[in-house]
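*Asks:* Under the numbering used here, the first residue of the sequence shown is numbered 169, with each subsequent residue one higher.
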Amino acid sequence: MNNHTESEENYIKALYHLGGEGAVASGALANRVGAKGPSATQAVRRLASKGLVEVIPYKGVKLTLDGLTLAKHILRKHRLWETFLVEKLGFGWEEVHPIAEQLEHIQSRELVEKLADYLDSPVHDPHGDPIPQADGKIPPATGKPLQKFSQGSSLKVVRVEDAGTDFFTQLDLLEISLGKEYTLTSVSSFDSSIQLQAEDGESFWLSHSMSSNIYAISL
Numbered sequence: 169m170n171n172h173t174e175s176e177e178n179y180i181k182a183l184y185h186l187g188g189e190g191a192v193a194s195g196a197l198a199n200r201v202g203a204k205g206p207s208a209t210q211a212v213r214r215l216a217s218k219g220l221v222e223v224i225p226y227k228g229v230k231l232t233l234d235g236l237t238l239a240k241h242i243l244r245k246h247r248l249w250e251t252f253l254v255e256k257l258g259f260g261w262e263e264v265h266p267i268a269e270q271l272e273h274i275q276s277r278e279l280v281e282k283l284a285d286y287l288d289s290p291v292h293d294p295h296g297d298p299i300p301q302a303d304g305k306i307p308p309a310t311g312k313p314l315q316k317f318s319q320g321s322s323l324k325v326v327r328v329e330d331a332g333t334d335f336f337t338q339l340d341l342l343e344i345s346l347g348k349e350y351t352l353t354s355v356s357s358f359d360s361s362i363q364l365q366a367e368d369g370e371s372f373w374l375s376h377s378m379s380s381n382i383y384a385i386s387l
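1. Can you pull the DSSP bridge partners for Val-223?
2. Just verifying my parser: in three-state terms, what is the DSSP assignment at Val-192?
3. Work out the CA separation of Ala-191 and Lys-227 for me, nearest whole Å.
4. Please confirm whether Arg-244 and Pro-300 have their CB atoms less than 8 Å apart.
5. Relative to the C-alpha of Trp-373, which candidate in Thr-353, Val-264, Ala-302 and Val-328 has its C-alpha closest?
6. Please report the distance separating the alpha-carbon of Glu-272 from that of Ser-357.
7. Anyone know if the C-beta pair for Glu-176 and Leu-215 falls short of 8 Å?
8. I need the boundaries of the alpha helix (DSSP H) containing Val-328, first residue and last residue.
9. Kindly indicate which three-state DSSP category Gln-315 falls into: helix, strand or coil?
10. How many angstroms separate the CA atom of Thr-173 from the CA atom of Ile-180?
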């Protein structure tokens, strides 16, 4: 795989997050990467010349097959580095995203695969998100938002969205982590906040925005 600039990889990653295999409006792409329209247009032209994107008239920009392959490889690197930072270096899960955004641009494929081997080929990152495998296949994402569970449900936390430092700080304060089991004991009819009871009997309330970013499976 050819080397690409950090800026080019950021555009590829943005297209993948915004549209997956579908087309993305040019304005939405520019907003995602924090670029002005003309700069985004030039970047798209460069990527198109490399065969990584295709411009679809009246629809926007979409990744080609090569572009999708690159996007998944970048995502693989990012989530492997997050796993390494948490499991081997002791970083908190709220700290690793910006660091992994720097490390994901390392080009050595050999390093990435040695990293995966060192970590015993993980399937999910510290947030529970699936890690694209070396062959490009992505394990299915698991769980559904806590808001989708009914009162009385027994559940296990399996994934959290990256909703910012304050969100992760609150998770740590409440000692919520992947694998923890709870019972949903109450749902507020006023603001849709929910009450969870931990296995030790301790109960606490979560706002709608908090619970919408926490995913669980039924027990």
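Every residue gets a Cβ at the ideal spot worked out from N, C-alpha and C, and that includes glycine.
*Replies:* On the basis of the data shown:
1. According to DSSP, Val-223 shares a beta bridge with Val-229.
2. Note: Val-192 maps to strand in three-state DSSP.
3. Between Lys-227 and Ala-191, the alpha-carbon positions lie close to 6 Å from each other.
4. Remark: C-beta atoms of Arg-244 and Pro-300 approach each other more closely than 8 Å.
5. Closest by alpha carbon: Thr-353.
6. Rounded to the nearest whole angstrom, the C-alpha separation of Glu-272 and Ser-357 is 43 Å.
7. Result yes, Cβ atoms of Glu-176 and Leu-215 sit closer than 8 Å.
8. Element bounds for Val-328: not the alpha helix (DSSP H) but the beta strand (DSSP E), 322-328.
9. Three-state result, Gln-315: helix.
10. So the alpha carbons of these two residues sit roughly 11 Å apart.
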